[in-house]
Amino acid sequence: MPGERHVSEVAGRGPLVSKKGGIGMIVAAAGLACGFVVMRGASAEPGLKVGNRPPVQVKSVTQYEAPPELPPAPTDSMAALPPDAAPPLPDAPVDPRLASAPMQQAPSQQVGAAAPTRGQQTLLVYSSNGGSSLGAASGATPVAMQQSVGSELGARLQPTQLDGVTAAVLRNQPYLLTAGTLIPCVLQTAMDSTLPGLVTCIVPQDVMGKTGVTLLDRGTRIIGEFQGGVRQGQARLFVLWTRAETPQGVVISLASPASDALGRAGMGGAVDNHFWQRFGGALLLSTINGAIQAGVAAASNQGTTTINTGTPEAVIGESLRDSIRIPPTVRKAQGELVSVFVARDLDFSGVYQVQATAVAAGAPGAP
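Under this note's numbering, think of the first position of the sequence shown as 6, with each following residue one higher.
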């Protein structure tokens, strides 16, 4: 538009021409550099041909090293014993049955253990009983494992040994009073377990053997002994009958325990636990202590009452310490029925003898 300012054509086109000239120079320089590199590579080896190269020969070089020599294996023969060695043991006796049987030649065993070969590996085998042994990694089972398996199987194959029982016939049955027989007896003396003592009883009826022969007549006196000192919580007294004496003067050792009429061990009776003797003193001291403390509290004008329980508690504890250990006492009155539990067979064959008696004519059962 007329009158406006604008840039002249000369001033506006100058930079565009200079940029095009610079780009052309850069392209020309790059082309010259590439041509120079190609020409230099072609002129480096002008007479080189690929087909004229001699063939390369490759030789394989292998060196073998001999394996190290193994130490010599120990010989089969054992070393000679020194002169001062112990003399050999005498030969054991040989069973003639084994001597007549054909003997098999046992395979020879090498004394020393052979060294492991190069291709054989050594294994550590643990047995069930905590031991260990060395074995070779071969197809054979290690000796320790074979022995372990064999011992377990052998233990299972052992049968239980049971002792046989043989029946026997009792001898002198007419004069035999077998074990387990209950002999009734009436106490002749009273019993008190405070101290050990003796006791006697009288058999109220005839005691017969297995075939009906009277062995202990009516009126037989039995003597026994008992130990005192019944423990806390016990209400029965143990008695051991030692000897029986018949009216005819036959004496036999019993060594059998006493029981009640039903066969229960020991003798029951009246039990005295000594309650007031054990706890009466402590109860009395506690009552007196409480009354004293109550009187002191009532007579005190102060709002706070201090009760001292140290000394009374010590006195009560000392009193209980001596009386708490008093054992109970079992008392058994005379005239009560007890039993003798026969513990072993009693044989009267040494003092009694059966004789045949003639039956009077006309008597019942006579021919």
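We put the CB at the ideal spot given by N, CA and C, even for glycine.
Query: Glutamine 298 to serine 305, Cα distance in whole Å?; Result: 11 Å
Query: Within its chain, find whatever has a CB closer than 8 Å to the CB of aspartate 211; leave out the 5 residues flanking it on each side and keep chain order.; Result: Thr219, Leu221, Asp222 and Arg223
Query: Who are the Cβ neighbours of valine 191 in its own chain at under 7 Å, not counting the five residues just before and after it?; Result: Cys206, Ile207, Pro209, Gly340 and Leu342
Query: For a quick check, are the C-beta atoms of glycine 271 and phenylalanine 243 less than 8 Å apart?; Result: yes
Query: Of all the beta strand (DSSP E) runs that stay within the bounds of the region 167-196, which reach a length of 3 or more residues?; Result: 187-192
Query: Output the boundary residues of the beta strand (DSSP E) element that contains leucine 259.; Result: 256-264
Query: For isoleucine 227, which of Pro201, Val235, Thr194 and Ala240 has the nearest alpha-carbon?; Result: Thr194
Query: For leucine 351 and alanine 338, what's the separation of their Cα atoms in angstroms?; Result: 29 Å
Query: Which residue marks the beginning of the beta strand (DSSP E) containing glutamate 341, and which one marks its end?; Result: No beta strand (DSSP E) holds glutamate 341; DSSP gives it neither H nor E.
Query: Buried or exposed, going by whether 16 or more other CB atoms sit within 10 Å of the CB of glutamine 115?; Result: Here the model assigns glutamine 115 a pLDDT of 43, short of 50, so the residue's position is not dependable and the matter cannot be decided.
Query: State the beta-bridge partners of phenylalanine 231 as determined by DSSP.; Result: Gly202 and Val244
Query: Just curious, the beta strand (DSSP E) that threonine 225 is in, first and last residue?; Result: Note, threonine 225: premise wrong, no beta strand (DSSP E); not H, not E.
Query: Alpha carbons only, please: which of Val335, Gly202, Gly29 and Val174 is nearest the one belonging to proline 247?; Result: Reading off the sequence, residue 247 comes out as threonine, not proline. The option with the nearest alpha carbon to threonine 247 is Gly202.
Query: Assign serine 113 to one of two classes, buried (16 or more other C-beta atoms within 10 Å of its C-beta) or exposed (fewer than that).; Result: Confidence at serine 113 is low in this model, with a pLDDT of 42, below 50, so the placement of that residue is unreliable and no value is reported for it.
Query: Helix, strand or coil for leucine 162 per DSSP?; Result: coil
Query: If you run the structure through DSSP and keep just helix, strand and coil, what is phenylalanine 353?; Result: coil
Query: Cα separation between alanine 35 and methionine 44?; Result: 15 Å
Query: Is isoleucine 188 buried or exposed, if buried means 16 or more other CB atoms sit within 10 Å of its CB?; Result: buried
Query: Going by Cα to Cα distance, which pick from Gln166, Ala160, Gln360 and Phe346 is closest to aspartate 265?; Result: Phe346
Query: For leucine 351 and chain C, any beta-carbon pair shorter than 8 Å?; Result: No chain C is part of this structure, which consists of one protein chain only.
Query: Using only alpha-carbon positions, find the residue among Thr186, Val32, Thr334 and Glu230 that is nearest to leucine 267.; Result: Thr186
Query: Where does alanine 249 fall in DSSP's three states?; Result: strand
Query: Using DSSP's beta-bridge definition, name the partner residues of isoleucine 293.; Result: According to DSSP, which records beta bridges pairwise, isoleucine 293 is partnered with nothing at all.
Query: For alanine 240 and arginine 336, what's the separation of their Cα atoms in angstroms?; Result: 10 Å
Query: Thinking just about the alpha-carbon of each residue, which of Ala33, Ala173 and Val356 is nearest to the one in valine 256?; Result: Val356
Query: Do alanine 348 and proline 262 come within 8 Å of each other at the CB atom, strictly closer than that value?; Result: yes
Query: In whole angstroms, what separates the C-alpha of alanine 119 from that of leucine 75?; Result: Caution applies to alanine 119, whose pLDDT of 43 falls short of 50 and renders its modelled position unreliable; the value that the coordinates give is listed next. Cα to Cα, the separation comes out at about 11 Å.
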